[in-house]
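Mapped onto the numbering used here, the consecutive letters of the first sequence carry residue numbers 54 to 627. Think of the CB as a built atom: it goes at the ideal place given N, C-alpha and C, for glycine as much as any other residue.
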Amino acid sequence: MPIHNADIAMIFEQIADLLEIQDDNPFRIRAYRNAARTLNGLGKDARALLEQGEDLTKLPGIGKDLAAKIGEIVSTGRCRTLQKLQEQSSPGLTDLLKIPGLGPKRVRALYDELDIHTPEQLYRATRDGRIHTLPGFGEKTELHILKNIESYVQKDQRIKLALAAQYAEPLVEYLQMADGVKHVIIAGSYRRCRETVGDLDILVTAGTDSPVMDHLIHYDEVNEVVSKGGTRATVILRSGLQVDIRVVEQQCLGAALHYFTGAKSHNIEIRKLAQKRKLKINEYGVFKGKERVAGDTEESVYNAVDLPYIPPELRENRGEIEAARSGLLPKLVEHSDLKGDLHAHTTATDGHNTLKEMALAAREQGLQYLAITEHSKHLTVAHGLDQTRLLQQVEKIEELNNELKGITLLKGIEVDILEDGRLDLADNVLDKLDLVIGAVHSLFHLSRANQTNRILKAMDHPHFTILAHPTGRLLQDRDPYDVDMNKIIRKARERGCFLELNAHPQRLDLLDTYCMMARDEGVLVSINSDAHSTQDFDNLRYGIGQARRGWLEKGDILNTRPLPELRKLLGRTM
DNA sequence: GCCGTTTTCGGCCCGACTGTTTTCAGTCG
Numbered sequence: 054m055p056i057h058n059a060d061i062a063m064i065f066e067q068i069a070d071l072l073e074i075q076d077d078n079p080f081r082i083r084a085y086r087n088a089a090r091t092l093n094g095l096g097k098d099a100r101a102l103l104e105q106g107e108d109l110t111k112l113p114g115i116g117k118d119l120a121a122k123i124g125e126i127v128s129t130g131r132c133r134t135l136q137k138l139q140e141q142s143s144p145g146l147t148d149l150l151k152i153p154g155l156g157p158k159r160v161r162a163l164y165d166e167l168d169i170h171t172p173e174q175l176y177r178a179t180r181d182g183r184i185h186t187l188p189g190f191g192e193k194t195e196l197h198i199l200k201n202i203e204s205y206v207q208k209d210q211r212i213k214l215a216l217a218a219q220y221a222e223p224l225v226e227y228l229q230m231a232d233g234v235k236h237v238i239i240a241g242s243y244r245r246c247r248e249t250v251g252d253l254d255i256l257v258t259a260g261t262d263s264p265v266m267d268h269l270i271h272y273d274e275v276n277e278v279v280s281k282g283g284t285r286a287t288v289i290l291r292s293g294l295q296v297d298i299r300v301v302e303q304q305c306l307g308a309a310l311h312y313f314t315g316a317k318s319h320n321i322e323i324r325k326l327a328q329k330r331k332l333k334i335n336e337y338g339v340f341k342g343k344e345r346v347a348g349d350t351e352e353s354v355y356n357a358v359d360l361p362y363i364p365p366e367l368r369e370n371r372g373e374i375e376a377a378r379s380g381l382l383p384k385l386v387e388h389s390d391l392k393g394d395l396h397a398h399t400t401a402t403d404g405h406n407t408l409k410e411m412a413l414a415a416r417e418q419g420l421q422y423l424a425i426t427e428h429s430k431h432l433t434v435a436h437g438l439d440q441t442r443l444l445q446q447v448e449k450i451e452e453l454n455n456e457l458k459g460i461t462l463l464k465g466i467e468v469d470i471l472e473d474g475r476l477d478l479a480d481n482v483l484d485k486l487d488l489v490i491g492a493v494h495s496l497f498h499l500s501r502a503n504q505t506n507r508i509l510k511a512m513d514h515p516h517f518t519i520l521a522h523p524t525g526r527l528l529q530d531r532d533p534y535d536v537d538m539n540k541i542i543r544k545a546r547e548r549g550c551f552l553e554l555n556a557h558p559q560r561l562d563l564l565d566t567y568c569m570m571a572r573d574e575g576v577l578v579s580i581n582s583d584a585h586s587t588q589d590f591d592n593l594r595y596g597i598g599q600a601r602r603g604w605l606e607k608g609d610i611l612n613t614r615p616l617p618e619l620r621k622l623l624g625r626t627m
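Next up, the structure:
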């Protein structure tokens, strides 16, 4: 079982948790957490870096000691420091920390005083009323724990960005109706366009006398008010989604937006920069002593620490601050840069709309071209096209292109990559198409070597143009298949083919870290809707968000090209 | 445990809300 960065990061997080329970040096604890974050955001596996003889201490937050621990974990699969800590207390304690309302101090007290070291033991103790007898614990805390432990069992995880949008957008409209409210902005990971969000962070600007907090708790979707003060409140919606609201005055908008957008590690770095300049940054502004020197806009916050504005999608503390300092921030791709969409289905296979309906809907979105890429025959559940039906569709597309104005349909296929790397349709048919998207739809469980070779072999095919949803993952539903993306991206460069960034909210595949790798190798990415209906073109916005998180510029995207240039890149002149 | 425009020691981001206690610790974001 090869060790991945996420495995190492989890070990470091567990060490940090246990050290925290033991009341160890908080900065030592933070060091472990920083290193875990660095590992999670890394494009390459630490294991690969070590094999290449790279010096891990060059990574941010990783010094001599932690580099050695990474080496130990990679080679043995274990970490003696963690084992020792687990022997000193109990491995289950880290589970207790996940229960809302329980931090290291309370977990320690429960362990020391009542010998509680699992959520199950805690549940029994709360039911028996043994908790409120402890110093620092009262009746309310005991009730609180009992409630949270029940929801912990059926703990709702993060939700997909597109689903969060369905809850967030009506709530924003509702909040805007409160007296005195000027701006309502969704910040947090939602604004950073993360694939999933854990909660909604909503920033409101309003006068100090605004009734917006009372307005909020009367929203008919609110199921529970967790906390409510004058400037801050937390509620749970009926869907289970947590909403944190922060109200500030208009002049604090920039500083508050920066603070509330995160990521936390990015904000910490920015505040450290401020410290060096004898400044203090909080959600109300940038301060020199008691004097407020910036904070009206986010740009003014960055300028106060001698940086240009950094777009939210980049704020993950994975190199954006250094890039900003050196003037090397990317000029991120925007939705309006897209000229076309290279992956769509119709009623010919598993789509819900006809060729013409899809073409008109794409034109409505401002697109100049749309590739029709049905499934191929191997994918029988989707009524994939065989040679005869594909050629019929090619004819229909040519007829429709003569009729349509302002949009051009391209002839394509989403052809299955078979187990041995062959494509599901013959060369003499693929030859008649403008583009061939290759896709893995079966045998997700192949070994890393076999899966990688299967795809590499398909990419060697002379007609292969784009690799669809390259890792095959379905967010929160199916893990990516085990595949060596380094090799795939290098192959794409050699062969002059492209990688899809599938914009479907459940896929968002390429992952942002692979976008960065593609960019570094000079491989163009195609942001495709994979539309199965006319509404699905709206999903392109999530693809754009993902591409921006992957630092991609307009020039890094295949389908920002006007049609003549695109045709050249596809290697077809017909 | 990491790090260096205060550089090998002495720092390490900042504030709101709750509950328990009575001035603040704990937790969270």
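Apply the 10 Å Cβ neighbour rule to residue i and answer buried if 16 or more other Cβ atoms are within range, or exposed otherwise.
i	result
R526	buried
M512	buried
Q588	exposed
P223	exposed
Y243	buried
F80	exposed
D487	buried
T129	exposed
M570	buried
V482	buried
K581	Reading off the sequence shown, one finds Asn at residue 581, where the question assumed Lys. Buried is the call here.
Q303	exposed
S318	buried
So, using beta-carbon positions, are residue i and residue j closer together than 8 Å?
i	j	result
T524	D562	yes
R299	V250	no
T667	I541	Only positions 54 to 627 of the chain appear in the structure, and residue 667 is not among them; the question remains open.
L269	Y220	no
I450	Q421	no
R100	I56	yes
A377	G338	no
A217	L310	no
S586	D535	no
A62	L92	yes
L554	A545	no
L103	G124	yes
G393	I425	no
H428	T407	no
K213	Q599	no
A414	N370	no
T179	L199	yes
V354	L326	no
Could you give the DSSP three-state label for residue i: helix, strand or coil?
i	result
F313	helix
T400	coil
G624	coil
G94	coil
S579	strand
T249	strand
A424	strand
I466	strand
D630	Past the edges of the chain, shown from 54 to 627, lies residue 630, and the structure says nothing about it.
D562	strand
L196	helix
K341	strand
D513	coil
G596	helix
I61	helix
D609	helix
N78	coil
V489	strand
How many whole angstroms separate the CB atoms of residue i and residue j, which I take to be in contact at a CB cut-off of 8 Å?
i	j	result
V576	L605	Going by Cβ atoms, the distance from V576 to L605 rounds to 11 Å, so no, they are not a contact pair.
I363	L382	7 Å
L611	L593	The pair is not a contact, with the Cβ atoms about 14 Å apart (cut-off 8 Å).
V265	V234	5 Å
G491	L476	7 Å
L175	L163	7 Å
T258	L306	5 Å
D469	H436	So it is not a contact: roughly 13 Å between Cβ atoms.
L150	V160	6 Å
- Note down, one range per segment and in chain order, each alpha helix (DSSP H) of at least 4 residues found wholly within the region 239-285. 241-244 and 265-270
- Ignoring anything shorter than 4 residues or poking outside the region 119-200, list the alpha helix (DSSP H) runs there in chain order. 133-141, 146-149, 157-167 and 172-180
- Task: Note down, one range per segment and in chain order, each alpha helix (DSSP H) of at least 4 residues found wholly within the region 404-462.
- Result: If only uninterrupted alpha helix (DSSP H) runs of at least 4 residues are considered, those enclosed by the region 404-462 are 408-417 and 440-456.
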